[in-house]
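Novice: Sending over a structure as structure tokens; questions will come in a sec.
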Amino acid sequence: MATLRQQALAMVQSRPRVKVEAPALKISDFFGTNVFGLNQMKQSLAPSVYKKVMEAVDKGSKIDSATAEEVASAVKTWALSKGVTHYTHWFQPLTGSTAEKHDSFFDAHAGLEKFKGSALVQQEPDASSFPNGGIRSTFEARGYTAWDPSSPIFIFEKTLCIPTIFVSYTGEALDYKTPLLKSLEAVNDAAVAICQLFDRNVRKVSPSLGVEQEYFVIDKALFSARPDLVMAGRSVFGHNPARGQQLEDHYFGSIPTRVKDFMVDFEIEAHKLGIPVSTRHNEVAPGQFEVAPVFEEINKAVDHNQLLMDLMDKVAEKHGLKVLFHEKPFAGVNGSGKHNNWSLITDTGVNLFQPSNSARENLQFLTFLVATVKAVYDHSDLLRASIASAGNDFRLGANEAPPAIISVFLGETLTSVLDELEKNGNIKIEKGDNMYMKLGISKIPEIILDNTDRNRTSPFAFTGNKFEFRAVGSSANSAGPMATLNVIVAEVLRQMMKDIEKEIGSGKEKKIAIVNVLRKYIKDSKKIRFEGDGYSEEWEKEAAKRGLSNLKNTAEALDVYMKKETKELYSRHNVMNELEIHARHEIMLEDFIKKVQIESRVMGDLALNHVIPTAILYQNKLIENANGMKGLGLDNSAAIETIKDVSRHIEAVKSNVNAMIDARRKLNKEEDIVKRAKGYQKEVKEAFFDKIRYAVDKLELLVDDESWPLVKYREMLFIR
Ligand code: ADP
Ligand code: MG
């Protein structure tokens with residue numbers, strides 16, 4: 000009987016091409032057709048109702064029941080006209096994926112379709128089936144979802160989806176969206192105050208986000224024939240292919256036809272959902288690709304990224320493909336990230352990270368730039384923790400992704416501007432002087448980055464008019480890291496405002512006051528700035544000398560959530576209370592432990608039930624062969640050497656798997672979750688994963704190709 004691997008390989012060869020057709024020639028003809036956005040609202044609601052919804056969107060004011068009733072009725076009419084039968088609240092529990100609970104519009108008693116305002120605004124899914132980090136045992140089990148009118152309602156697979164937050168009955172956040180929305184208020188308050196030093200007309204500052212999403216695509220049949228990919232999202236075994244990414248010919252190379260069809264298909268669906276995807280290309284590793292939309296207001300951008308991942312998963316199915324969002328599905332080839340491009344934009348239309356020709360605006364630009372650098376310096380551990388996950392641990396610091404050391408890259412131009420500003424600290428500014436000129440900030444040239452001067456090794460880089468946080472994992476929900484970034488920037492801006500006011504209070508002119516504070520902040524946060532090669536060993540040494548943290552794994556990185564300062568920071572900005580931080584910490588630890596546990600089990604299972612039996616069969620063949628040769632009086636020493644090699648590796652696999660199982664058993668009894676997570680890191684993952692893999696991968700090279708049970712790397716990465 001052919002192995003699952005051989006059946007899968009045969010299947011790949013016989014796949015028909017899937018035809019993809021756009022609903023219209025121009026994207027603008029179908030963009031957003033599955034979205035009940037502001038345009039639809041404007042068209043279908045009475046002006047007074049529309050105004051109330053807009054107020055809720057802009058100021059977060061509550062929607063009264065009469066307004067909700069009107070909106071629900073309009074949404075229902077729109078949805079029914081598109082053949083939609085069900086509705087659901089769509090939310091982002093801390094499982095990492097999105098959740099839905101579908102209800103039918105059809106009311107059997109009344110014999111017609113109904114959708115009440117109350118059903119639009121609030122629902123009560125069973126909170127007990129989602130991670131809650133102990134919130135549930137302290138309080139009530141019930142949780143509810145509440146409509147977030149700032150993110151558009153959409154249709155997904157004939158279901159009307161209403162974006163919502165998800166909170167416990169007592170109001171604690173059980174999702175990603177709630178803290179993100181609260182962080183928007185925090186950064187808005189702090190940023191508006193600073194902006195008003197420069198322009199009294201600014202009333203609102205909103206973060207924007209553009210997510211570059213990396214992913215792998217492999218054939219669905221090959222995926223299904225690898226239990227480790229199915230269970231853990233990554234291959235725990237597999238020898239490097241003869242042709243890896245040494246050639247680097249994949250990057251920006253031509254996209255294979257099947258994958259291209261898939262991309263075109265999901266882009267069409269994304270456009271219907273109002274997701275502004277715009278770029279597609281190959282990534283560095285074979286089988287790896289990237290999609291990026293045009294940036295949007297951050298809450299929408301996060302929702303769109305989550306939705307896009309779901310969508311890609313569904314569309315891939317149709318093409319006989321599987322998308323891998325795991326940070327490191329294949330050892331030895333590059334992993335995947337989710338570059339979060341972030342900036343702050345005012346309601347007057349100014350991107351606060353855009354250098355300008357106007358000296359006054361440049362001072363404002365520098366104020367926000369310096370505040371962000373300082374925020375990353377002061378809270379680098381929090382930023383590091385916000386991207387911690389079992390999957391991302393394989394990527395960070397693996398000489399192909401940003402290191403686990405958080406640093407900021409500014410580029411040559413800005414570095415010299417900040418150095419100048421710091422150096423000119425003693426220049427006396429007389430009345431009538433052009434201060435900007437004297438300080439060297441009257442003109443900051445537009446920063447145009449080409450591919451050579453954009454430092455790709457930095458986890459947090461300034462890229463012209465935005466910061467790019469590159470250390471985020473490809474499977475992560477961006478809301479976590481983005482809420483963190485918003486809060487830490489809010490914190491520094493708030494402190495900055497106080498410091499500026501103090502300077503002004505002591506008689507300094509406003510501009511001088513600002514510059515004095517900037518100088519101090521530049522000096523204080525200098526250590527976090529790094530322009531060199533983030534992948535190098537020298538940087539690790541240099542960073543240690545500078546006192547920067549290098550938290551290489553999740554178990555360690557999450558400790559920062561236990562600090563008093565962290566809890567105070569989040570509650571000071573009204574983003575999360577102590578209980579919520581504690582819950583999140585537990586959930587992240589739990590998730591980490593579970594993932595390592597699953598990988599460890601899959602490893603044991605594959606090793607003992609697939610690899611070793613195959614290796615033994617092969618070993619027996621070799622023994623027969625060696626005996627046969629001996630019988631003929633031939634030299635069988637080479638055969639015997641191979642038999643010894645195979646035996647040695649079989650023995651290594653067996654003994655290490657057994658010892659690993661013992662280690663797990665011991666750790667599962669550990670009650671303290673922090674200790675359990677650290678134990679899983681050291682005593683399971685670090686102690687055994689590499690050893691077992693090494694032996695299995697050696698066996699893959701020794702055992703004859705035909706009987707090897709697992710789909711090989713070259714097959715997964717190159718066959719399409
Ligand atoms: P790359 O970094 O690969 O060169 P781009 O420069 O095209 O990519 O931009 C990457 C992402 O950054 C895109 O999603 C883009 O829309 C987004 N982006 C551009 N300007 C901003 C901004 N001001 N704020 C947030 N995101 C932005
Ligand atoms: Mg980029």
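Under numbering that gives the first Met the number 0, the first residue of the sequence shown is numbered 0, with each subsequent residue one higher.
For glycine and all other residues, C-beta sits at the position ideal for the given N, C-alpha and C.
1. Specify the secondary structure class of TYR86 as computed by DSSP and reduced to three states.
2. CA-CA distance, SER117 and GLU539?
3. Is GLY209 close to the ligand ADP? I mean its beta-carbon at under 7 Å from any heavy atom of the ligand.
4. To which residues of the same chain is SER473 closer than 6 Å at the C-beta, ignoring the five residues directly before and after it?
5. Indicate, with yes or no, if the ligand ADP has a heavy atom lying under 7 Å from the CB of PHE367.
6. Return the first residue and the last residue of the beta strand (DSSP E) that HIS280 is part of.
7. Where does TYR175 sit, in a helix, a strand or coil, going by DSSP?
8. What span of residues does the alpha helix (DSSP H) with PRO226 cover, start to end?
9. What is the rounded straight-line gap between the Cα of ASP377 and the Cα of SER207?
10. Excluding five sequence neighbours on each side, which residues of the same chain lie with their C-beta closer than 6 Å to the C-beta of PHE364?
11. Return helix, strand or coil for PHE29, following the three-state DSSP convention.
12. Rounded to a whole number of angstroms, what is the C-alpha to C-alpha distance between ILE586 and ARG675?
13. May I ask you to report which of helix, strand or coil DSSP gives HIS101?
14. Tell me whether the beta-carbon of SER149 lies closer than 8 Å to the beta-carbon of ASN298.
15. Report the residue from PHE105, ALA284, PHE153 whose alpha carbon sits nearest the alpha carbon of GLY31.
16. When you compare each of LEU557, ILE487, PHE352, VAL516 to LYS465 by their alpha carbons, which one comes out closest?
17. Are three or more beta carbon pairs between the region 615 to 627 and the region 575 to 593 nearer than 8 Å?
18. Give me, in chain order, the residues of the same chain whose beta-carbon lies closer than 7 Å to that of ASN552; leave out the 5 immediate sequence neighbours on both sides.
19. I think TRP77 touches SER43, with their Cβ atoms under 8 Å apart; what is that distance to the nearest whole Å?
20. Expressed to the nearest angstrom, what Euclidean distance is found between the alpha-carbon atoms of ALA470 and PRO151?
21. So does TRP720 have its beta carbon nearer than 7 Å to some heavy atom of the ligand ADP?
22. Given that a residue counts as buried once 16 or more other Cβ atoms are within 10 Å of its Cβ, and exposed if not, what is ASP671?
23. Verify the contact flag: THR462, CB atom, against every heavy atom of the ligand ADP, threshold strictly below 7 Å.
24. Taking the alpha carbon of VAL83 as the point to measure from, which residue in GLU68, ALA107, ALA224, HIS101 has its own alpha carbon closest?
25. Kindly indicate which residue of LEU79, GLY142, SER96 has the alpha-carbon position closest to the one of LEU111.
26. Give the list of continuous beta strand (DSSP E) stretches no shorter than 3 residues that lie fully inside the region 266 to 344.
27. Please state whether the Cβ-Cβ distance between ALA269 and VAL276 is less than 8 Å.
28. Does the distance between the C-beta of VAL400 and the nearest non-hydrogen atom of the ligand ADP fall short of 7 Å?
29. Leaving out five residues on either side along the sequence, give the residues of the same chain with a beta carbon under 8 Å from the beta carbon of ILE254.
30. If you drop the 5 nearest sequence neighbours on each side, which residues of the same chain put their C-beta closer than 7 Å to that of LYS522?
31. In three-state terms, what does DSSP make of THR158?
32. Which runs of the beta strand (DSSP E) at least 3 residues long sit entirely within the region 596 to 657? Give them in chain order.
33. Pull up the CB-CB distance for THR144 and PRO124, whole angstroms please, since I reckon it's below 8 Å.
34. Can you give me the Cβ contacts of VAL372 inside the same chain, cut-off strictly under 6 Å, excluding the 5 residues immediately before and after it?
35. So which of PHE367, TYR534, VAL332 has the shortest CA-CA distance to ILE405?
36. The ligand ADP and LYS465: does any heavy atom of the ligand fall closer than 7 Å to the residue's C-beta?
Specialist: Answer, in terms of the structure:
1. In the sequence shown, the residue the question calls residue 86 occupies position 87. Correct three-state label for TYR86: strand.
2. Locating residue 117 in the sequence shown gives position 118, counting from the first residue. Locating residue 539 in the sequence shown gives position 540, counting from the first residue. Computed Cα separation, rounded: 55 Å.
3. Your numbering for residue 209 matches position 210 in the sequence shown. Checking every heavy atom of the ligand ADP against the Cβ of GLY209, one is found closer than 7 Å.
4. Stepping through the sequence shown from its first residue, residue 473 is reached at position 474. Correct list, in chain order: GLU213, PHE324, GLU326, SER335, GLY336, LYS337.
5. The residue labelled residue 367 in the question sits at position 368 within the sequence shown. Checking every heavy atom of the ligand ADP against the Cβ of PHE367, none is found closer than 7 Å.
6. The residue given as residue 280 occupies position 281 in the sequence shown. 276 to 281 is the extent of the beta strand (DSSP E) around HIS280.
7. Within the sequence shown, residue 175 is the residue found at index 176, counting from 1. The answer is coil: DSSP assigns TYR175 none of H, G, I, E or B.
8. Sequence index remark: in the sequence shown, residue 226 carries index 227 (1-based). Here the alpha helix (DSSP H) through PRO226 covers 226 to 231.
9. By one-based count along the sequence shown, residue 377 stands at place 378. By one-based count along the sequence shown, residue 207 stands at place 208. Taking the straight line from one Cα to the other gives about 22 Å.
10. The residue given as residue 364 occupies position 365 in the sequence shown. These residues qualify, in order along the chain: PRO354.
11. Indexing the sequence shown from 1 puts residue 29 at position 30. The answer is coil: DSSP assigns PHE29 none of H, G, I, E or B.
12. Sequence index remark: in the sequence shown, residue 586 carries index 587 (1-based). Sequence index remark: in the sequence shown, residue 675 carries index 676 (1-based). In a straight line, the C-alpha of ILE586 is about 13 Å away from that of ARG675.
13. Working through the sequence shown from its first residue, we reach residue 101 at position 102. In the structure shown, HIS101 sits in a strand (DSSP, three-state: E or B).
14. Position 150 of the sequence shown, counted from the start, is the residue given in the question as residue 149. Position 299 of the sequence shown, counted from the start, is the residue given in the question as residue 298. Going by C-beta atoms, SER149 is nearer than 8 Å to ASN298.
15. As a working mapping, residue 31 is identified with position 32 in the sequence shown. Among PHE105, ALA284, PHE153, the Cα nearest to that of GLY31 is on PHE153.
16. Position 466 of the sequence shown, counted from the start, is the residue given in the question as residue 465. When only C-alpha atoms are compared, the closest one is PHE352.
17. no
18. For the purposes of this step, residue 552 is taken as the residue at position 553 of the sequence shown. Counting only Cβ-Cβ distances below 7 Å, and skipping sequence neighbours, we find ASP392, GLN680.
19. For the purposes of this step, residue 77 is taken as the residue at position 78 of the sequence shown. For the purposes of this step, residue 43 is taken as the residue at position 44 of the sequence shown. 7 Å between Cβ atoms; contact.
20. Counting from one through the sequence shown, the residue named residue 470 turns up at place 471. Counting from one through the sequence shown, the residue named residue 151 turns up at place 152. Roughly 28 Å between the two C-alpha positions.
21. No information on residue 720 is available, as it lies outside the stretch 0 to 719 that the chain covers here.
22. The sequence position of residue 671 within the sequence shown is 672, counting from 1. Exposed, since its Cβ has fewer than 16 Cβ neighbours within 10 Å.
23. In the sequence shown, counting from the first residue as 1, residue 462 sits at position 463. It does: the Cβ of THR462 is within 7 Å (strictly closer) of some heavy atom of the ligand ADP.
24. On the sequence shown, residue 83 is found 84 positions in, with the first residue counted as 1. Nearest C-alpha to VAL83: HIS101.
25. Looking up residue 111 in the sequence shown gives position 112. For the residues LEU79, GLY142, SER96, the minimum Cα distance to LEU111 belongs to LEU79.
26. 276 to 281, 287 to 292, 320 to 323
27. Mapped onto the sequence shown, residue 269 falls at position 270. Mapped onto the sequence shown, residue 276 falls at position 277. Cβ distance < 8 Å, so ALA269 and VAL276 count as in contact.
28. One-based indexing of the sequence shown puts residue 400 at position 401. The sequence given here places Ala at residue 400; Val does not occur at that position. Every heavy atom of the ligand ADP is 7 Å or more from the Cβ of ALA400, so no.
29. Working through the sequence shown from its first residue, we reach residue 254 at position 255. The answer, listed in chain order, is MET262, ARG279, HIS280, ASN281, PHE288.
30. Here residue 522 refers to the residue found at position 523 when the sequence shown is read from its first residue. Answer for LYS522: GLU421, listed in chain order.
31. Translated into positions along the sequence shown, residue 158 becomes position 159. Looking at THR158 - three-state DSSP - the assignment turns out to be strand.
32. none
33. As a first step, residue 144 is located in the sequence shown; it is residue number 145 there, counting from the start. As a first step, residue 124 is located in the sequence shown; it is residue number 125 there, counting from the start. Indeed, because the Cβ distance is near 6 Å, the residues count as touching under 8 Å.
34. The sequence position of residue 372 within the sequence shown is 373, counting from 1. Hits under 6 Å: VAL407, SER524.
35. Within the sequence shown, the letter at position 406 stands for residue 405. Measuring from the Cα of ILE405, the nearest candidate turns out to be TYR534.
36. Stepping through the sequence shown from its first residue, residue 465 is reached at position 466. Checking the Cβ of LYS465 against the ligand ADP gives yes.
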